[in-house]
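Engineer: Start counting the sequence shown at 373; every next residue gets the next number (my numbering).
Sharing a structure, written as structure tokens. Questions coming.
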Amino acid sequence: MFDLVGQYPEAQSVFEAARAVLAGKDPRQFVRETDPATLYSNRAGQILCCTQALAAWAMIQERLSRPVIIAGYSVGELAAWGCAGLLGPEEVLRLAVVRAEAMDAAAGNGNSGLAAVRGLARARLGSICHGHGVHVAIVNGEDLFVVGGTREALVRVCDEALKAGAIRATMLHVAVAAHTPLLAEASRQFGAALAPLNLPAQTAPNVRLLTGIDGEPVFDTREAVGKLAEQISRTVDWAACLDACRATGASMVLELGPGRALANLARDVLPDAQVRSVEDFRTPEGVLKWVTSGG
Numbered sequence: 373m374f375d376l377v378g379q380y381p382e383a384q385s386v387f388e389a390a391r392a393v394l395a396g397k398d399p400r401q402f403v404r405e406t407d408p409a410t411l412y413s414n415r416a417g418q419i420l421c422c423t424q425a426l427a428a429w430a431m432i433q434e435r436l437s438r439p440v441i442i443a444g445y446s447v448g449e450l451a452a453w454g455c456a457g458l459l460g461p462e463e464v465l466r467l468a469v470v471r472a473e474a475m476d477a478a479a480g481n482g483n484s485g486l487a488a489v490r491g492l493a494r495a496r497l498g499s500i501c502h503g504h505g506v507h508v509a510i511v512n513g514e515d516l517f518v519v520g521g522t523r524e525a526l527v528r529v530c531d532e533a534l535k536a537g538a539i540r541a542t543m544l545h546v547a548v549a550a551h552t553p554l555l556a557e558a559s560r561q562f563g564a565a566l567a568p569l570n571l572p573a574q575t576a577p578n579v580r581l582l583t584g585i586d587g588e589p590v591f592d593t594r595e596a597v598g599k600l601a602e603q604i605s606r607t608v609d610w611a612a613c614l615d616a617c618r619a620t621g622a623s624m625v626l627e628l629g630p631g632r633a634l635a636n637l638a639r640d641v642l643p644d645a646q647v648r649s650v651e652d653f654r655t656p657e658g659v660l661k662w663v664t665s666g667g
């Protein structure tokens, strides 16, 4: 992590901002030296994901042609607000900590989590989930979902989904039932942290920011910030975000990272677009060349 963006001068201010929420440790050092339990904790994960996205954005933003459409997946939506010019890196990272701690507190004893299910229609999966007190947490595609609930209930849902014809149903290494009503208190706490922010009324010029729960563009930040808080305990409709990108005629898609999973999803929905992840490249110059060449 950070192997590519860590080299780029414009990203250094993001890494400095991350020190403040990592007990003074540079995030590039943190990922190399921290024990696995801490590294893969909800708190560290949210900080590191936001750091990666903001650092990658700092690397490419001056080279991008406009207009630009920005969407963020889960905590990535918070980072997307930073990329859209609504929050500075320090504020994004501070809020990532608030968000993670509120989620951990609401999750309680750690007996909840998420599971991935592929190969069932939403109505069929929803019926199975309802019988076990489990909720659809993320819609990634017409038959690709993440569901959340207690771990015991998730095991039962996975078993029943496979018997109903699912191609895949497996537990994820996540210790909170994100994007489900089980985290309603976390939404409330995060909303209280967002309420005092002095936000710009709109995004930066020629930048369209999407909200994760419905894929709708942000026109009024004061209204949309409520959705940013609600997202913790409501279903994220990533499929709607990708549909919005397609509807606007997006010709290039770049996943800021970490990882390549979102780029893979985007290829299915935008087959005519050039789709890459930052992690596909070996050097910052390679990313910048691709961005400026139009793919």
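Note that CB positions come from ideal geometry on N, CA and C, so glycine has one too.
Am I right that A487 and V519 are in contact with their C-beta atoms under 8 Å? What's the rounded C-beta distance?
Structural biologist: About 5 Å; that satisfies the 8 Å criterion.
Engineer: Quick one, are the C-beta atoms of A383 and A451 less than 9 Å apart?
Structural biologist: Their beta carbons are not under 9 Å apart, which means A383 does not touch A451 by this criterion.
Engineer: I'd like the span of the beta strand (DSSP E) that includes I432, first residue to last.
Structural biologist: No beta strand (DSSP E) holds I432; the alpha helix (DSSP H) holding it covers 414-432.
Engineer: Does the pairing of the segment 550-568 with the segment 513-528 give three or more beta-carbon distances under 8 Å?
Structural biologist: Yes, they touch.
Engineer: If you follow the beta strand (DSSP E) that Q646 is in, where does it begin and where does it stop?
Structural biologist: Here the beta strand (DSSP E) through Q646 covers 646-649.
Engineer: Is the segment 427-446 close to the segment 613-621, with three or more CB pairs under 8 Å?
Structural biologist: Taking 8 Å as the limit for Cβ pairs, the verdict is that the segment 613-621 does touch the segment 427-446.
Engineer: Using a Cβ-Cβ cutoff of less than 6 Å, which residues in the same chain neighbour R540 once the five nearest sequence positions on both sides are dropped?
Structural biologist: Excluding sequence neighbours, R540 sits near R490.
Engineer: Mind checking A477: buried by the 16 CB within 10 Å criterion, or exposed?
Structural biologist: Looking at its Cβ environment, which holds fewer than 16 other Cβ atoms inside 10 Å, A477 is exposed.
Engineer: Have a look at A576 and Q424 and give me their C-alpha separation to the nearest angstrom.
Structural biologist: Rounded to whole angstroms, A576 to Q424 spans 21 Å at the Cα level.
Engineer: Do A601 and G631 have their C-beta atoms closer together than 9 Å?
Structural biologist: No; because the gap between Cβ atoms is not below 9 Å, this pair is not in contact.
Engineer: Contact check, I419 vs L465 under 8 Å by CB: the rounded distance?
Structural biologist: Contact flag correct, Cβ pair sits at about 6 Å.
Engineer: Within 10 angstroms of its Cβ, does N512 collect 16 or more other Cβ (buried), or is it exposed?
Structural biologist: Its Cβ being crowded by 16 or more others within 10 Å, N512 is buried.
Engineer: What are the complete alpha helix (DSSP H) segments, minimum 4 residues, inside the segment 513-542?
Structural biologist: Listed in chain order, they are 523-535.
Engineer: On the DSSP letters alone, give me the boundaries of the beta strand (DSSP E) that M624 sits inside.
Structural biologist: 624-627 is the extent of the beta strand (DSSP E) around M624.
Engineer: Could you tell me whether the Cβ atoms of A549 and I500 are closer together than 9 Å?
Structural biologist: No.
Engineer: Helix, strand or coil, according to DSSP, for V641 in the structure here?
Structural biologist: The answer is helix: DSSP assigns V641 an H, G or I state.
Engineer: With respect to the alpha helix (DSSP H) encompassing R400, which residues constitute its N-terminal and C-terminal limits?
Structural biologist: Run containing R400: 399-405, per the alpha helix (DSSP H) assignment.
Engineer: Quick one: what does DSSP say G444 is sitting in, helix, strand or coil?
Structural biologist: Here G444 sits in coil by DSSP.
Engineer: If you drop the 5 nearest sequence neighbours on each side, which residues of the same chain put their C-beta closer than 8 Å to that of E514?
Structural biologist: The residues are A493, R494, A611.
Engineer: Determine the extent of the beta strand (DSSP E) in which L554 is found, giving its start and end residues.
Structural biologist: Premise fails: L554 is in no beta strand (DSSP E) and is neither H nor E.
Engineer: Decide if T664 is buried, meaning its Cβ has at least 16 other Cβ atoms within 10 Å, or exposed.
Structural biologist: Exposed, since its Cβ has fewer than 16 Cβ neighbours within 10 Å.
Engineer: Going by CA-CA distance only, name the one from A430, T542, N578, R400 that's closest to P656.
Structural biologist: Measuring from the Cα of P656, the nearest candidate turns out to be A430.
Engineer: Go ahead and pull the three-state DSSP assignment for S499.
Structural biologist: Three-state result, S499: helix.
Engineer: In whole angstroms, give me the CA-to-CA distance for W453 and L581.
Structural biologist: Taking the straight line joining both Cα atoms gives about 7 Å.
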